[in-house]
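Residue numbers (my numbering): 539 to 1070. For glycine and all other residues, C-beta sits at the position ideal for the given N, C-alpha and C. I have placed the structure first, in the form of structure tokens, so that the comments after it can refer back to it.
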């Protein structure tokens, strides 16, 4: 008999039910009468931990083996894996990089969902891996592949991703068991059986639809089907009065920015966003009247300007944490039923800068000066630790009351300071774009430096303004191309090194001063009695 075992490698992150998925597969194979063996391979990934599970199923029923038993393996052999199943895109590629998959044998079932690694989160800029590059690697190292958003299907079903993965495996046709045999095992899985069946059905239907589509395209159009493209999210229509002010190619990105600022503050604040963009567009039309570059300066400003104008403060945090949508999301994440008691506590630790941000400039300066005196005296910066039960009436009223201070936000010192910095950046983009398009475009791209909150946000603004003041408007460059090269080098250095050493080096290389060293108090620590 020349039959060989069918081998599967299952990859799931911590808490996603990889062990449960393995048990379901083993029970299904045994219930259908096929020899099966599974082993777990503990491992650690840069998210919540990852464990792989290796499974082999012999495709001949035990009843037809005449008393013989196949010898099944305990570990995947490089290049000899029949299927790789993973709940996370980068984890799929990580397993491929270990040599498990091969282009002539392995079927890959992967989710497009991402759990960002620590290194991705640490980057000053957008540190995410290029999703298309990861998909290209899957295509190059698989016999066939089905890639879908398993996380979204999991949310729709109200279950864990292992149920969706089981449906994908069943629909792939790789194993000899039928759909009814999988569902029979799920029906006996306890109180969560209905949710698991829903997840199984969604995963099964998604892969079945992809297989059907791929077969149709292969038969009718070409031997190699294109990767199905997910439909774009529906974008709300831009108000007609605003749409008439901008080229159609910019409507989608401006719609998103406009809607964000209406939600963040009000329609008047969103109108201020539109007026600022009109200045940029007028400057770009001056240097590129035909729009041959796709109005790229205005596009970049529409993105980064909206993000900066919607800066995070305690009002914004309170608003987000007290929304009904957030409560529904938490209920879904913990799988809380109608009869379950759910308590949700939020921890805050606002300091003097957060409270000063809500005060007028004069009062804010007094509060910040008081906090600086505390630090210079050897004390820690003042902060107020809070634990608020969002599930309680008092906790929800406290958050909603704080969120209602949105109307007073424009009176605060933080709002005034942010608008002044934004206008300084905006003026540099407008003036540079009018004289040299590429210079304006590169300064607009420097909006990427503004991200995060607290010290990270302050550092990003300092870096951007230093670039604006010493590279964008400085007259020591021989020509515009030299200025553009300097701005590009400074921006890339700032995004690559959050400590700022690379940025200082790039600034000095292009004739600009390094960033000034900020004052830091020296603290003298008392020696403990009896200490060395």
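| Query | Result |
| --- | --- |
| When the Cα atoms are used, what is the spatial distance from residue 777 to residue 792? | 10 Å |
| To test your reading of the DSSP string, which unbroken alpha helix (DSSP H) runs of 4 or more residues are found completely within the stretch 656-738? | 656-660, 669-678, 688-695, 699-710, 717-725 |
| Would you please state the rounded distance, in angstroms, between the beta carbons of residue 560 and residue 576? I believe it to be under 8 Å. | 5 Å |
| Taking DSSP's pairing of strands, which residues face residue 886 in a bridge? | 924 |
| Where does the unbroken alpha helix (DSSP H) through residue 648 begin, and where does it stop? | Run containing residue 648: none in the alpha helix (DSSP H); it sits in the beta strand (DSSP E), 645-649. |
| With DSSP collapsed to three states, give me the class of residue 937. | helix |
| Do residue 1044 and residue 1027 have their CB atoms nearer than 7 Å? | yes |
| Measure how close the beta-carbons of residue 1031 and residue 1041 come, nearest whole angstrom, since I'm counting them as under 8 Å. | 5 Å |
| For residue 595, write down the residues that DSSP places opposite it in a beta bridge. | 544, 574 |
| What are the uninterrupted segments assigned as alpha helix (DSSP H) that are 4 or more residues long and contained completely in the stretch 769-816, given in chain order? | 778-781, 789-802 |
| So residue 975 and residue 835 are supposed to be a Cβ contact under 8 Å. How far apart are they, rounded? | 7 Å |
| Using CA coordinates, which residue listed in 683, 803, 865, 877 is at the minimum distance from residue 844? | 803 |
| Answer with buried or exposed for residue 885, where buried requires no fewer than 16 other C-beta atoms within 10 angstroms of its C-beta. | exposed |
| Near residue 666, what residues of its chain come up, given a Cβ to Cβ distance below 8 Å and the 5 sequence neighbours on each side ignored? | 652, 654, 658 |
| With a cut-off of 7 Å, does the C-beta of residue 847 fall near any C-beta of chain D? | No chain D is present in this structure, which holds just one protein chain. |
| If you reduce the DSSP assignment to three classes, tell me which class residue 1011 lands in. | coil |
| Could you say which of 812, 752, 794, 801 lies nearest to residue 779 if we only look at CA atoms? | 812 |
| Do residue 1006 and residue 980 have their C-beta atoms within less than 7 Å of each other? | no |
| Compare the Cα-Cα distances from residue 1019 to each of 1036, 882, 977 and report the closest residue. | 977 |
| Let me make sure I understand the geometry here. Which of 954, 868, 875 has the alpha-carbon closest to that of residue 928? | 868 |
| Mind checking residue 999: buried by the 16 CB within 10 Å criterion, or exposed? | buried |
| If you reduce the DSSP assignment to three classes, tell me which class residue 1055 lands in. | coil |
| Given residue 681, which residues of its chain have a CB within under 7 Å of its CB, disregarding the five upstream and five downstream residues? | 641, 642, 643, 644, 645 |
| Tell me where the beta strand (DSSP E) around residue 623 begins and ends. | 621-624 |
| Between the Cα of residue 608 and the Cα atoms of 598, 614, 617, 616, which residue gives the shortest distance? | 598 |
| Measuring only the C-alpha atoms, how far is residue 849 from residue 969? | 25 Å |
| Cα separation between residue 900 and residue 847? | 23 Å |
| Alpha helix (DSSP H) containing residue 856: first to last residue? | 852-859 |
| Going by the CB atoms, is the gap between residue 987 and residue 1002 shorter than 7 Å? | yes |
| Find out if the Cβ-Cβ distance for the pair residue 852, residue 947 is shorter than 7 Å. | no |
| For residue 541 and residue 572, I'd like the C-alpha separation in whole angstroms. | 13 Å |
| Quick one: using the 10 Å Cβ neighbour count with 16 as the cut-off for buried, is residue 1059 buried or exposed? | exposed |
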